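For the record, the sequence lines run as chains Y and D.
So for the first sequence, the working numbering puts the first residue at 4; every next one is plus one.
So for the second sequence, the working numbering puts the first residue at 14; every next one is plus one.
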Amino acid sequence: MSRLEAKKPPLFISEPLTKDAVCQSLLLLSRIFKSSYGPAGRLKQLHNGVGGCVCTTSQSSALLRHLSVSNPVLRVLTASVQNHVSRCSDCGLFTAILCCSLIENFRSLNVAPCTVIKITRHLLSLCMDYLKSEACGCRVSVDFSSVETLVCLVRSVLTSKPACMLNQTEVEHLATLVLKAFLFTVPCHVETNAVLGKCVIIPVKGRRVMDSTVLPGLLIETPEIQLGKPLAVKRTGSNMIKIALFCVSMSGDSFSPEEGTIAVRHGISLEMSELNQLLNVGKQLVSDGVGLVVCQKVIHPSLKQYLKENHVMAVDRAGLSLMEPLSRMTGSKPIASIHSLSPGCYGSLKDVSIERVASKRFVHLIPGDTVICSLILCNRSETAWDELKRVCETAEHVLQLTMKEPLALLGGGCTETHLASYIRYKSSSLSTSTFQDLGCSQTQYQLVADGFCRSLESVARSLNHDGGEILTDMVYGHCWFVPSGLPPVSDWSDVVSKCGCGINGNTEDLSWRILEGQSCSPVIQGCPKEPSVKVTDFLTLDCFAAKCSGLQVAVETANLVLDLSYVIEDQN
Amino acid sequence: MAFRDVNARRHIGLQQLSSLASTGRAFLGPMKSHKFIVDETTNQSTLICSAVRLIESLDLTSAAGQLLNETIQAQNKEFKTGLSTLLFLVGAWSSAVVECLQQNVPVSAIVSVMSEGLNSCCERVQCLQISIHDVRKELCSSRVRPNAFECKACQVGCDSLLNPQDLLYFHKCISEPEVISISCCSHQEDDCHFKKGLVSPLVGFVSSASLVKPEGDRSSSVIPGSGVIASSCIKQKLTHSRHFRTLGKSHFSGQQGNFQEYLLKPSADPCECSDLGHLAMALSHGNQTDVKLLQSIVEYQQERAECRGSAQLNITEIVTCSLLGLPESYSCVSQGFVTLVSPEQAKVIKHFKDKSLQILLVDGDLTEQYRHLGFNRPHNVRTVLEHPNLEGGRAGDTWLSRMLDILVTFEVNLVLVKGSVCKNLLDRCTASRILVISPVPRDVLCAFGEVTGAQPVTYLSQLNPSCAGNGAQVELWEASDGRVMDLGELVPVRINVRGIPLLTAVLTTAVASKVQLLEDQFWTSVYRLHHALKDGKVFPGGGAVELLCLSHIQVLTEQPVRPAKAGKEFPSPWLDTPVAEYKSLVLQALASGWKRYLSVVMCNIAKAPSELEARALVDHHLKKAVDCGSPSAYILELFRRGDVLGGGSSPFADHGEGLKVYDNVAAKTEAWRRALDLVLLVLQTDAEIITGPKRNELLNSPVSSEFLFL
């Protein structure tokens, strides 16, 4: 018997951003993101507190997946960052930090939210126009005919997450592998619709990073396969192997329907009839000259035995994630029913071999010409492996995004400080008609623009975790780092070596100044310059598409949060 | 979500690591002290002697503990050795890092200097590596006399057991090892409890020991003076369990002929046998029983390898079988698969004498309900019985008789089953003189499949003539002296096929609590040799490598910090070289790990009375090494003379000519790297984020003030 309960009225919370609890949580969230940012970022241990596995990470995607945020205001923020990460993989923390700082900076301004929003939209458009223009001083074009810039991009992603526990040699090794894997996925013969292939990551935990490698084709783990025995696989006339790909279970239990009951007369075994059906499929496979059967799920041992006796290799439990690349690589259509086999669904393969990595055994499916490859990824501990896997996926994604838009932004905080000095310069030279169009005064505009620039600079400042000073120069507007523990100096040029992205050295007097969070910074004379030398080795580069998207998402989300005037909570 | 700040000046995670790791101190070096792990809720205790077993028994719910466990398990999975080194260095380095933090060294400086320093040291010590080829040559040419060691060991054992006063010591020593309590109540009674528990096996020892007629000159007894007895607690471990060696040996020589084809025996003089045996000995750091077993394995595998052309130790072709109730000297290696069966099954075996058997391999369970993995049992199938047949009997019976029919039709005598076997079927098979053995490991099935031609099946209904293999032989396993195995419920049997590559190491012991321990020790020895062959090189042991690391760190400390403007190899200034002041502090922290390692090893093997003196000794050698100009040459010379850390650092050093000790290359450097990685990973962590239901628990708990909640 159910009891009726009177409905509770919904809870109205007005001006949520003025509430203490919200501010506290926002500050904590911002602290988590800021402290995790960059190659020297601090790690977070995510665990359930009762002995479950520990995830050690400084990655926004992993952090956000585990954080359970109850406040609706914060949920808006985390949801849009997660959305950005799912589209671009990279620059998640950048987005989150920028968004938090924008909210913090604008909340304390004595300007109406709607005005702030209008001005920030204008500022955002200034930024985007600048970033997309040829004159942009903080971007480099990526030349796909050489690997140098690409390696820089990958290396920057790999070194940005310290929980991977990589040393210099390991970073170089992995950067090469990731790039190699990416190049495997680029089709050799481009037609009108070029589609990138896929790189499948094969986990090998507990081994040295240097044991990682890339292989063309796919690997399927098969513990029962015996090493040392030559593989007897039937081949077709053209010396290829005919392959049949099943995405339906062949374990012999598919007679069981989802619902309802089957009544069976005593003495009749459904299992036997199902097995006979499977053996019939086997007969047809043998007569069709198939040499290799791959099943996503389990193959009945009797069918396996039958196939083996007829020199057909059977590999089961390939898993769902391998089906799409398998079908693409071999040109076979996954067979979804054991009742009908059409000869058109078979694919072909150049070779099959046994590969042994650590204690695991794999069947290596080698195609003739492929855009599918496998990255065997090793790392010593489980928690570092998980982090490394996410990082490698990000790097792969960054390369794909860069292929679409062959540009990269200078990393290491330089893009942020450069953009901030550009906005400072630009906003001081706007015409009065702009203010009229925006419906604000010049002072209001200056206040918001300053908050905007300080937010950008606070992202760059978040790279520093160990004391020391962050500087910016008045010529290029880049970001410079002075380590802590140095004796005080009168001239900054004695202690700085190169800027955050590594493009500028300490060769000329760049009139450095400390990048401070609070006070209004002086405006530089003229637009920040573009570095004279454009490409060198060992630059820290960020993905252009991801950073642009992150900038937009951060500003839009901050605007949305600032605009919230009520939270209505259903209390039932 | 609950959020806790852990990166105060006193880093909680690092402190947890160092306190967890401190429990493993006694396992360092060749002389390990045993520990009792007592579970105070059940009053059960376990005897352990390795870092893995220790970690398994500790409460590791904290995040740092979990990560430590993960690290130890990963090293164990790959190497089975280097675990106590790993555990110790985790502790030493985390406390050294905490000291750095207290001196305000920034985290990024610690991380970059330490990881670079370790890399540099690992590169430096490569010059000490000795190729297996050279080692084998050297070991064969040098006159190695492990027998001296063995005799002495056995005398210590006999003496201490035959002399009532020593017996007292023995008792005292055994009950003295550190006791780690799992729960927190008082463990007074438990102490008594396991003292009681220990007396009984001890009585067993003495009564059997009285049968022994020890050979050799008793007057040259090497029992150390009473002043050293305290440390002989460690020695006991090495010796007391091997006091039957003389007995075993004399029987060996007497009855060698009878067992020639049965037991694989190492030659009496190690110099005659394979040089790999020497290597095994040098790597085993004093574990005599395992060395003998390993020698037999190596000989057998080498003989086969000559046909196959590989010089590696194949681990998948080795299994172990632990027999409780026989003294440890009965441990041996048998060809084929040795396992335990019930007395009823043993009766069946008597009928099989000298018969070539038809063998069947089953890679699942032998029960009616069993279905292969991935088969989902239908829940909605109802069987309708239209014409009740009262004579048909129960459904299970028909399955039983069907299975039995199949076995009989194919004339199968022997079934090896990977999973479990239905009791009724087992009984019916035994009654029909079919031997069904389970559980049998995968690798064993494969080995039998390879030589007999049998194809493993999942169901008996799959059986066809090509599935069964032929040529298997079964007999009762007998100890080397033909001693009757009265082990109570179970009887050891040996299943063999001519030409099978499979070997079973039969590990015998009279002490139940040592079963696991002996097995662990055996596998450690096997893996050490395996990895030495795989690496193709070894390190000189006895602290040589660590000493070179220490001298190399001195060199690194004196090197100037890289000039600021030439930092080409650093892609990011965010990871740039820290200032010189921090660098030397952090390098000292790195060095302190190895220094403490060496001094604790020296204490454990009683080469130094206290850690402080050991430290002074290490410093002394370090200075000499640095002063002589080429530390690596100096250290290699010390090693050649057989004593790296003065007074002989190897446990065999007292035997005149020191027996060389070697260490695994990859296992050692990987252990270092894993230890440092763990410490740095925890160091760089500034917050714990606790998710899931535990959050609400924390919110209402008294420690909630430590946490922030989102």
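We put the beta carbon where it would ideally sit given N, CA and C, even for glycine.
Owing to the predicted nature of the structure, the values given are computational and were not obtained by experimental measurement.
Alpha-carbon to alpha-carbon, residue j and residue i
i         : j         : result
Tyr-610/D : Asn-617/D : 11 Å
Val-84/Y  : Val-556/Y : 7 Å
Gln-79/D  : Leu-691/D : 11 Å
Glu-491/D : Pro-505/D : 8 Å
Arg-654/D : Leu-336/D : 41 Å
Leu-417/D : Lys-527/D : 40 Å
Cys-164/D : Cys-345/D : Residue placement at Cys-164/D cannot be trusted, given a pLDDT of 36 that sits under 50; the coordinates are not used to answer.
Leu-344/Y : Val-315/Y : 17 Å
Glu-173/Y : Val-212/Y : 6 Å
Arg-210/Y : Asp-573/Y : 51 Å
Leu-306/D : Lys-681/D : 24 Å
Cys-135/D : Ser-461/Y : 40 Å
Asn-562/Y : Ile-120/Y : 6 Å
Leu-141/D : Gly-556/D : 12 Å
Ser-538/D : Asp-354/Y : 40 Å
Gly-12/D  : Leu-439/D : For residue 12/D there is no data in the structure shown, the boundaries of chain D being 14 and 723.
Met-253/Y : Leu-288/Y : 14 Å
CA nearest to the CA of residue i, picked from the options
i         : options                                       : result
Ile-244/Y : Ile-369/Y, Val-360/Y, Glu-173/Y and Arg-210/Y : Ile-369/Y
Leu-10/D  : Arg-66/D, Thr-59/D and Leu-33/D               : Shown here, chain D extends from 14 to 723; a query on residue 10/D therefore has no answer.
Pro-42/Y  : Leu-169/Y, Ile-506/Y, Val-193/Y and Thr-475/Y : Leu-169/Y
Gln-358/D : Arg-317/D, Glu-502/D and Leu-292/D            : Glu-502/D
Leu-80/Y  : His-342/Y, Ser-493/Y and Thr-98/Y             : Thr-98/Y
Leu-339/D : Thr-471/D, Leu-398/D and Ala-523/D            : Ala-523/D
Phe-455/Y : Leu-46/Y, Asp-540/Y, Leu-182/Y and Ile-106/Y  : Ile-106/Y
Arg-320/Y : Ser-487/Y, Pro-346/Y, Pro-226/Y and Lys-407/Y : Pro-226/Y
Ala-423/Y : Leu-129/Y, Pro-409/Y, Ala-247/Y and Pro-219/Y : Leu-129/Y
Thr-446/Y : Arg-457/Y, Leu-433/Y and Phe-541/Y            : Leu-433/Y
Gly-553/Y : Glu-511/Y, Leu-565/Y and Leu-459/Y            : Leu-459/Y
Ser-576/Y : Ile-506/Y, Ser-535/Y, Gly-503/Y and Asp-476/Y : This structure leaves residue 576/Y out entirely; chain Y is present only between 4 and 575.
Leu-370/D : Asn-117/D, Gly-482/D and Cys-442/D            : Gly-482/D
Where the alpha helix (DSSP H) through residue i begins and ends
i         : result
Arg-507/D : Careful: Arg-507/D lies outside any alpha helix (DSSP H), inside the beta strand (DSSP E) at 504-510.
Ile-100/Y : 95-110
Thr-560/Y : 547-565
Neighbour-count burial assignment, residue i, 16 or more Cβ in a 10 Å radius
i         : result
Pro-13/Y  : exposed
Val-558/D : buried
Lys-93/D  : buried
Ser-309/D : buried
Leu-224/D : Caution applies to Leu-224/D, whose pLDDT of 31 falls short of 50 and renders its modelled position unreliable; the model cannot decide the point.
Glu-189/D : Legend: pLDDT at Glu-189/D = 39, less than 50; position of this residue unreliable, no value from coordinates given.
Lys-201/Y : buried
Gly-26/D  : buried
Val-552/D : For the sequence presented, residue 552/D should be read as Phe rather than Val. Burial call: buried.
Residue i, enclosing beta strand (DSSP E) - first and last residue
i         : result
Gln-57/D  : 57-61
Lys-208/Y : 201-208
Ile-362/D : Where Ile-362/D is concerned, there is no enclosing beta strand (DSSP E), although the alpha helix (DSSP H) it sits in stretches over 356-364.
Ala-317/Y : 316-318
Phe-15/Y  : 14-17
Ile-375/Y : 375-382
Gln-348/D : 345-348
Ile-265/Y : 265-268
Gln-371/D : 370-375
Whole runs of the alpha helix (DSSP H) within the region 697-721 of chain D, excluding any shorter than 4 residues: 707-712
Any beta strand (DSSP E) of 3 or more consecutive residues that is wholly inside the region 35-105 of chain Y: 46-50 and 58-60
Length at least 4, wholly inside the region 137-169 of chain Y: the alpha helix (DSSP H) runs in chain order: 151-162
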